[in-house]
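Student: For the record, the sequence lines run as chains A and B. In this text, residue positions in the first sequence follow UniProt numbering: the first is 1, and each later residue adds one. In this text, residue positions in the second sequence follow UniProt numbering: the first is 1, and each later residue adds one. Glycine is no exception: its CB is placed at the ideal position from the N, C-alpha and C atoms. Owing to the predicted nature of the structure, the values given are computational and were not obtained by experimental measurement. Starting off with a structure, shown below.
2 protein chains.
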Amino acid sequence: MSISIDKLDTPAVLVDIDKAFSNINKAQHYANAHGFSLRPHIKTHKLPYFAHQQVKAGAVGITCQKLTEAEIMAQAGLPDILLTYNIIGAHKLGRMVNLARQVTLSVVADNIPVVEGYDRVTAGTDIAPLRVFVECDTGGGRCGVQTADEALTITRRIMSAPNLQFAGLMTYPAAGKQAQSDQWLGQAKAVFEAAGLPIPAITVGGTPDLWTAGDMQNMSEYRPGTYIYMDRSQVAVGAATFDECALTVLATVISRPTETRAIIDAGTKTLTSDLLGQDGYGHIIDHEESRITALSEEHGTISAGADATLPGIGEKVRIIPNHACVVTNMFDHVYLVSNGKVVDRLPVAARGGVS
Amino acid sequence: MSISIDKLDTPAVLVDIDKAFSNINKAQHYANAHGFSLRPHIKTHKLPYFAHQQVKAGAVGITCQKLTEAEIMAQAGLPDILLTYNIIGAHKLGRMVNLARQVTLSVVADNIPVVEGYDRVTAGTDIAPLRVFVECDTGGGRCGVQTADEALTITRRIMSAPNLQFAGLMTYPAAGKQAQSDQWLGQAKAVFEAAGLPIPAITVGGTPDLWTAGDMQNMSEYRPGTYIYMDRSQVAVGAATFDECALTVLATVISRPTETRAIIDAGTKTLTSDLLGQDGYGHIIDHEESRITALSEEHGTISAGADATLPGIGEKVRIIPNHACVVTNMFDHVYLVSNGKVVDRLPVAARGGVS
């Protein structure tokens, strides 16, 4: 397969593998240089192909956000998986145990009922001790214990279980609040030390603050996801340049109702409604002055900027989306491109599936 | 299959078939009473199951937004399809001709190059004349000709083609601008009459204004989509009650970090970021005072309203999403429920696929 991008039917997701590999290596070099481990989050690409490349480049393992993702990656031969999500309910816990039979599995908990579930399904089994991180809310305002004392309580419950192993602390900090997270984690370390409990690892996430992760005093592992593709929101916060963005959406202009309006065949079912603080729904390569000002399900409206020339009916445009991770999730397949040619089409193996 | 909803793994999409059938019948009765045809848009459900029910109830055919949807529906035996989207490019035009061999196909055009494509691929074939509607921008600001004179020019080009047939005018009006659309269409009728060209049909869409469609003077066919499921945005504009909403998302509370915060396993990859003018990301049944104030990809944050009791860890909630059509599109399967029991699980047959 080596066809021209222009021959592809639209809308289509293109991934420039040279840029993706460069992004993988750049992050790994940064992690190596600053002495922390990298555990990339695969929710961005959902492809065993790239997960293997990330591990080959030096990642200690991968991160998944749901069981389906972890199951697909386990079947694809990824040996070390951290599932950064409380697992609840008999069915999911059964799947988790099955997963732990196949790979070195780490999970998280931010409350006692979740630890009790892990304890219940692992006790008496022949699987290796299940590694459990305690999730901490260090400013992100999502999941996580609110205080180091709560973390300590959950840790002790983990340590009391016959087949659970305390793996450390985990957090997903709010973008731009890295210093605050670091401080929170430092205080937790002091609390744990005072209690005589060493913390084996501290794992932190987020591409926006990846390039200053080396400044953190209380982090041993980092879990960036978007960094492999980058996107418009990462460019906006300075984490990437447009030229480093590996994922683009190829769309066709299907209508030119007015001089200043072009309609493309990419709407919310392609680009999604994610704004992430951006003005409009994506960056149009070679039409930087114009904006995608509205989306409906299968239509995108491009409004011309001052003095801008809009593409004509039938012309194709490439768009860097606001948020790469959610675009990947809309498509059954992505096209891999290199040097402007399509080299392969891969199924987005880990999309779909319940939880 | 007759299992309790509580036994389902989450997140899951549930469709109450009794409510969906009631919604189908209510709209059909309204159309019958007001003397216009109904041609439901299947982008909302993407299920042959419901498309057949809509036709059985009296719909003259169905509407699709992309070729993939139309191909799946054709294969499922739906005999009459309107594809309300300009079709461009050799590959898609080839698929369109193939579709026209299987069903009574109508398409749209809002510019000459699109009509030229239709002409080129249908001329000399053995398919029945392809029915082409001219799409008009009657206030929606998306696709469509801007003036009746433009519509006339495109109509004449359609009529000059050996195997195309002018089917009428088509518009997707902005919600709440029905009277403006009606006026636009009335003026177009006058222009066409003056030119000696009768307009065979005028097809108009949109669930928000469905229940006043009978007031339109210049419409013969209506294409509602969301009406079968309804959703929070339709309730907000008065087109439905919460009790009429047939589609709900079942989610589990996976964390309760604080007294006023609950985290559920439904984020943007379930509910999507569509706000459609709403406050928060969905209506939580039995927790009406509380709001889904934030979503990340696999997490939803519920913030407690005043005096509200939030559900505990492991408890399930049902959510009426802001926008039903985009939620359906996120899932490979939906569960059909009746009287509180799961009666079937259907693949979302027409999701995925390029364009």
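Are there 16 or more other CB atoms within 10 angstroms of the CB of glutamine 217/A, so buried, or fewer, so exposed?
Tutor: Reading the first sequence from its first residue, position 217 is the one you call residue 217/A. Counting Cβ neighbours within 10 Å, glutamine 217/A comes out exposed, since fewer than 16 surround it.
Student: Just list the residues that DSSP pairs cysteine 143/B with in beta bridges.
Tutor: In the second sequence, counting from the first residue as 1, residue 143/B sits at position 143. None, per the DSSP bridge assignment.
Student: What does the alpha-carbon distance come out to for the pair serine 273/A and alanine 306/A?
Tutor: Numbered from 1 along the first sequence, position 273 holds the residue referred to as residue 273/A. Numbered from 1 along the first sequence, position 306 holds the residue referred to as residue 306/A. Cα to Cα, the separation comes out at about 25 angstroms.
Student: Look at the Cβ atom of isoleucine 112/A, then the Cβ atom of valine 134/A, and state whether they are nearer than 7 angstroms.
Tutor: For the purposes of this step, residue 112/A is taken as residue 112 along the first sequence, with counting starting at 1. For the purposes of this step, residue 134/A is taken as residue 134 along the first sequence, with counting starting at 1. No; because the gap between Cβ atoms is not below 7 angstroms, this pair is not in contact.
Student: Pick out the complete alpha helix (DSSP H) segments inside the region 87 to 141 of chain B, 4 residues or longer, and give them in chain order.
Tutor: Those alpha helix (DSSP H) runs which fall completely within the region 87 to 141 of chain B and span 4+ residues are 90 to 102 and 112 to 122.
Student: For a cutoff of 7 angstroms on Cβ pairs, would you count threonine 270/B as touching chain C?
Tutor: Chain labels in this structure do not include chain C; the protein chains are A and B.
Student: Please confirm whether isoleucine 254/B has its beta-carbon closer than 7 angstroms to some beta-carbon of chain A.
Tutor: If you number the second sequence from 1, residue 254/B lands on position 254. Closer than 7 angstroms to some Cβ of chain A, the Cβ of isoleucine 254/B qualifies, so yes.
Student: Roughly how many angstroms lie between the CA atoms of aspartate 231/A and lysine 341/A, to the nearest whole one?
Tutor: In the first sequence, counting from the first residue as 1, residue 231/A sits at position 231. In the first sequence, counting from the first residue as 1, residue 341/A sits at position 341. Those two C-alpha atoms are separated by around 21 angstroms.
Student: Within the chosen definition, does the region 62 to 79 of chain A reach the region 31 to 43 of chain A through at least 3 CB pairs nearer than 8 angstroms?
Tutor: As far as the Cβ criterion goes, the region 62 to 79 of chain A touches the region 31 to 43 of chain A, which means the pair count is three or higher.
Student: Whose CA, out of Thr260/A, Pro48/A and Lys316/A, lies closest to the CA of valine 293/A?
Tutor: Mapped onto the first sequence, residue 293/A falls at position 293. The displayed chain sequence assigns threonine, not valine, to residue 293/A. Checking every option, the nearest Cα to that of threonine 293/A belongs to Thr260/A.
Student: Locate the beta strand (DSSP E) running through serine 338/A, then write down its first and last residues.
Tutor: On the first sequence, residue 338/A is found 338 positions in, with the first residue counted as 1. Its beta strand (DSSP E) spans residues 333 to 338.
Student: Starting from tyrosine 222/B and walking both ways along the beta strand (DSSP E), at which residues does that stretch end?
Tutor: Looking up residue 222/B in the second sequence gives position 222. That run of the beta strand (DSSP E) goes 221 to 223.
Student: Kindly indicate which residue of Pro208/A, Leu152/A and Asn32/A has the alpha-carbon position closest to the one of glutamine 187/A.
Tutor: The residue you call residue 187/A lines up with position 187 of the first sequence. Of the candidates Pro208/A, Leu152/A and Asn32/A, the one whose C-alpha sits nearest the C-alpha of glutamine 187/A is Leu152/A.
Student: Roughly how many whole angstroms lie between the Cα atoms of threonine 252/A and leucine 47/A?
Tutor: As a working note, residue 252/A is residue 252 in the first sequence. As a working note, residue 47/A is residue 47 in the first sequence. One C-alpha to the other measures close to 26 angstroms.
Student: For glutamate 71/A, which of Leu93/A, Ala57/A and Leu99/A has the nearest alpha-carbon?
Tutor: Within the first sequence, the letter at position 71 stands for residue 71/A. Nearest option by C-alpha distance: Leu99/A.
Student: Looking at the strands, I want to know which residues DSSP matches up with lysine 269/B.
Tutor: Working through the second sequence from its first residue, we reach residue 269/B at position 269. DSSP output for lysine 269/B lists no bridge partner at all.
Student: Applying a beta-carbon distance threshold of less than 8 angstroms, which residues of chain B neighbour aspartate 110/A?
Tutor: To locate residue 110/A, count along the first sequence from 1; it is residue 110. In chain order: Ser255 and Pro257.
Student: Whose C-alpha, out of Val327/B, Tyr227/B, Arg101/B and Ala239/B, is nearest the C-alpha of lysine 269/B?
Tutor: One-based indexing of the second sequence puts residue 269/B at position 269. That would be Val327/B, whose Cα lies nearest to the Cα of lysine 269/B.
Student: Using a Cβ-Cβ distance under 7 angstroms, would serine 273/B count as near chain A?
Tutor: Translated into positions along the second sequence, residue 273/B becomes position 273. It does; some Cβ of chain A falls within 7 angstroms.
Student: Starting from the C-beta of glutamate 298/A, find all residues in its chain whose C-beta is less than 7 angstroms away, skip the five residues before and the five after it, and write them out in chain order.
Tutor: Taking the first residue of the first sequence as position 1, residue 298/A is located at position 298. Closer than 7 angstroms at the Cβ level, and outside the excluded window around glutamate 298/A, lie Asp265, Gly267 and Lys269.
Student: Could you name the residues of chain B that glutamate 298/A contacts, counting a contact when the two beta carbons are closer than 9 angstroms?
Tutor: Reading the first sequence from its first residue, position 298 is the one you call residue 298/A. Per Cβ cutoff of 9 angstroms: Lys43, Gln65, Lys66, Tyr85 and Ser355.
Student: Which residues bound the alpha helix (DSSP H) around glycine 348/A?
Tutor: In the first sequence, the residue the question calls residue 348/A occupies position 348. According to the sequence shown, residue 348/A is valine rather than glycine. Careful: valine 348/A lies outside any alpha helix (DSSP H) and carries neither H nor E.
Student: Could you pull the DSSP bridge partners for methionine 170/A from this structure?
Tutor: Your numbering for residue 170/A matches position 170 in the first sequence. In DSSP, methionine 170/A forms a bridge with Glu135/A and Thr203/A.
Student: Could you tell me whether the Cβ atoms of glycine 144/A and proline 257/B are closer together than 7 angstroms?
Tutor: Here residue 144/A refers to the residue found at position 144 when the first sequence is read from its first residue. Here residue 257/B refers to the residue found at position 257 when the second sequence is read from its first residue. Cβ atoms of glycine 144/A and proline 257/B: closer than 7 angstroms.
Student: Just checking my contact of aspartate 149/A with valine 107/A at CB under 8 angstroms: how many whole Å lie between their CB atoms?
Tutor: As a working mapping, residue 149/A is identified with position 149 in the first sequence. As a working mapping, residue 107/A is identified with position 107 in the first sequence. Not a contact, Cβ separation roughly 22 angstroms.
Student: Suppose the cutoff is 6 angstroms on Cβ atoms and the five residues either side in sequence are ignored; what does the same chain contact list for aspartate 110/B look like?
Tutor: Counting from one through the second sequence, the residue named residue 110/B turns up at place 110. Counting only Cβ-Cβ distances below 6 angstroms, and skipping sequence neighbours, we find Glu135, Cys143, Gly144 and Val145.
Student: For threonine 212/A, count neighbouring Cβ atoms within 10 angstroms of its own Cβ and tell me buried if that reaches 16, exposed if not.
Tutor: As a working note, residue 212/A is residue 212 in the first sequence. Under this definition threonine 212/A is an exposed residue.
Student: Based on Cα-Cα distance, which residue from Glu69/B, Leu93/B and Tyr30/B lies nearest to alanine 59/B?
Tutor: Against the second sequence, residue 59/B aligns to sequence position 59. When each option's Cα is compared against that of alanine 59/B, the closest is Tyr30/B.
Student: Could you check whether the region 18 to 37 of chain A touches the region 277 to 285 of chain A, counting it as contact only if at least three pairs of C-beta atoms, one from each stretch, sit closer than 8 angstroms?
Tutor: They do not touch, by the three-pair rule.
Student: Comparing C-alpha positions only, which one of Asp9/B, Asp6/B, Val15/B and Gly117/B sits nearest to cysteine 245/B?
Tutor: Along the second sequence, one-based indexing puts residue 245/B at 245. Ranking Asp9/B, Asp6/B, Val15/B and Gly117/B by Cα distance to cysteine 245/B puts Val15/B first.
Student: Measuring only the C-alpha atoms, how far is proline 173/A from threonine 84/A?
Tutor: Locating residue 173/A in the first sequence gives position 173, counting from the first residue. Locating residue 84/A in the first sequence gives position 84, counting from the first residue. If you take the alpha carbons of proline 173/A and threonine 84/A, they lie about 13 angstroms apart.
Student: If I follow the unbroken beta strand (DSSP E) through threonine 63/A, where does it start and stop?
Tutor: By 1-based counting over the first sequence, the position of residue 63/A is 63. 62 to 64 is the span of the beta strand (DSSP E), which, as asked, contains threonine 63/A.
Student: Check lysine 7/B in the structure and name its three-state DSSP category.
Tutor: Counting from 1 along the second sequence, the entry for residue 7/B is found at position 7. If DSSP states are grouped into helix, strand and coil, lysine 7/B belongs with the helices.
Student: Counting along the chain, where does the beta strand (DSSP E) carrying threonine 258/A start and finish?
Tutor: Stepping through the first sequence from its first residue, residue 258/A is reached at position 258. First-last of the beta strand (DSSP E) with threonine 258/A: 247 to 258.
Student: Compute the Euclidean distance between the alpha carbons of valine 97/A and glutamine 75/A, then round it to the nearest angstrom.
Tutor: Taking the first residue of the first sequence as 1, we reach residue 97/A at position 97. Taking the first residue of the first sequence as 1, we reach residue 75/A at position 75. Going by the C-alpha atoms only, they are around 14 angstroms apart.
Student: Note down, in chain order, all residues in the region 86 to 99 of chain B with a beta-carbon under 7 angstroms from any beta-carbon belonging to chain A.
Tutor: Cβ contacts with chain A: Asn86, Ile88, Gly89, His91 and Lys92.
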